[in-house]
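Here is the structure we will look at.
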Amino acid sequence: MDQKPGLRRERPKDAISTAPPPKTRRIPLPNVAPKPVSEDPEAPGRLAAILESPTYREAFADVEFLARRETRGMRLLLDYAKTESCLQDKHVDATIVVFGSTRLREPAVAEAHFEQARSALAEHPDDPVLRERAAIAERLARNSGYYEVAREFARRVNRLQRPPASQRLWIMTGGGPGIMEAANRGSFDVGAESIGLNITLPHEQYPNPYITPGLCFRFHYFATRKFHFLQRARALVAFPGGYGTFDELFETLALIQTRVMAPVPVILVGAAYWRQAVNIDFLVAEGVIDPEDRELFWYAETASEIWDGIQEWHRLNGTPLPIG
């Protein structure tokens with residue numbers, strides 16, 4: 013007998029059912045439409061209040077909830093996990109971390125700032141504030157050569173590398189201006205990708221423009237940023253700098269000293285600066301560190317000294333670098 017129009021043929025009792033459509037139904041469920049006005053004129057207003065309430069937002073989309081004190085642990089995890097996922101996607105496994113002052117600009121810029129300060133002092137030669145500014149500007153101009161050393165060092169690290177991404181060294185910096193810019197810029201000069209780990213600060217600040225797009229990350233927490241600085245580090249190169257540079261340097265030395273972190277080469281660029289800024293011999297003499305702790309780092313002056321020293325350290329320690 014022919015099937016009547018509009019009726020479905022009954023499925024045999026023991027027949028295997030076919031898979032239903034993954035997204036749609038033939039008959040919508042009752043919850044896909046709001047309660048109609050015909051049933052309750054005040055229902056739409058009540059429903060709108062429910063939908064607009066913060067409690068109805070999905071947790072991952074609720075920024076106010078994620079910013080609460082009790083969700084800090086989740087934020088810390090996300091702060092770490094996003095960068096970790098991206099670095100794994102790019103097959104980043106080995107880095108050389110470069111630190112240094114944001115105030116050590118390229119020589120032409122530093123010299124221009126010095127000229128401005130000197131001109132201002134010439135107009136008001138008895139002003140002690142302008143005199144101090146001119147003196148500092150002169151020292152910054154004198155030390156601007158470190159910018160070129162950092163830039164050339166990054167060029168050297170990247171110039172001869174031809175392995176795939178998972179078997180190469182990546183320059184990683186804090187992503188800011190000064191020495192960090194120089195290291196990212198040196199990589200950029202030779203067409204190599206490099207990484208910048210920026211941080212959110214109370215005042216507006218920007219990453220330097222030489223970091224590879226897609227490899228510049230912004231952190232909310234210093235702690236997770238520090239973790240990523242050292243997680244893949246094969247060397248730490250510290251140029252003259254201030255509190256930020258000291259923070260990263262001495263944290264790294266403390267981790268190596270206690271062997272919480274496997275030793276890596278630590279190079280302090282600019283012996284004259286570092287010997288005056290930190291009297292390591294005094295610390296040894298006072299007994300607050302051991303004589304062997306002086307061996308956790310060495311000094312260098314030029315890009316070739318830094319790079320050759322890093323390679324020699326790894327050769328002597330049986331940890332060959334992924335280059336060639």
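Numbering-wise, the numbering used here comes out as the position in the sequence shown, counting from 1, plus 12. Quick reminder that beta carbons are idealized off the backbone N, C-alpha and C, glycines included. Since this is a predicted model, take the numbers as computed values, not measurements.
Roughly how many angstroms lie between the CA atoms of residue i and residue j, to the nearest whole one?
i      : j      : result
Thr264 : Gly57  : 59 Å
Thr331 : Ile322 : 11 Å
Asp26  : His103 : 53 Å
Ala146 : Phe165 : 30 Å
Leu261 : Ile318 : 16 Å
Gly226 : Asp305 : 38 Å
Asn155 : Glu76  : 46 Å
Ala122 : Gln100 : 38 Å
Gln217 : Tyr233 : 16 Å
Thr224 : Leu89  : 24 Å
Ser50  : Ala61  : 19 Å
Which same chain residues end up closer than 6 Å to residue i when comparing Cβ atoms and leaving out the 5 residues on each side of it in sequence?
i      : result
Phe12  : Since the first residue of the chain shown is 13 and the last is 336, residue 12 is not available in this structure.
Asn3   : Residue 3 falls outside the range modelled here, since the chain spans only 13 to 336, and no answer is possible.
Thr185 : Val110, Met192, Ala195, Asn196 and Gly208
Ser199 : Ala166, Asn170, Ile183 and Ser206
Ala31  : none
Near residue i, what residues of its chain come up, given a Cβ to Cβ distance below 8 Å and the 5 sequence neighbours on each side ignored?
i      : result
His136 : Leu142
Leu133 : Asp139, Leu142, Arg143, Arg145 and Ala146
Cys98  : Gly226, Leu227 and Phe229
Asp302 : Val296
Tyr285 : Asn155 and Pro252
Who are the near neighbours of residue i in its chain, counting only those whose CB is closer than 7 Å to its CB and skipping five residues on each side?
i      : result
Asp74  : Pro66
Met13  : Reliability of the predicted coordinates at Met13 is poor, the pLDDT of 49 falling under 50, and no value is obtained from them.
Asp52  : none
Ala315 : Val161, Glu164, Phe165 and Arg168
Using DSSP's beta-bridge definition, name the partner residues of residue i.
i      : result
Trp310 : Ile279
Leu248 : Val109 and Val278
Phe231 : Ile211
When the distance is taken between beta carbons, is residue j closer than 8 Å to residue i?
i      : j      : result
Gly190 : Ser113 : yes
Ile108 : Val169 : yes
Val281 : Phe251 : yes
Thr83  : Phe229 : no
Ile335 : Leu181 : yes
Leu248 : Val272 : no
Should residue i be counted as a contact of the ligand SAM given a C-beta to heavy atom distance under 7 Å?
i      : result
Leu308 : For the ligand SAM, the structure offers nothing, since it holds no ligand at all.
Mind listing, in chain order, the continuous alpha helix (DSSP H) runs of no fewer than 4 residues lying wholly within the stretch 175-218?
Correct list: 191-201.
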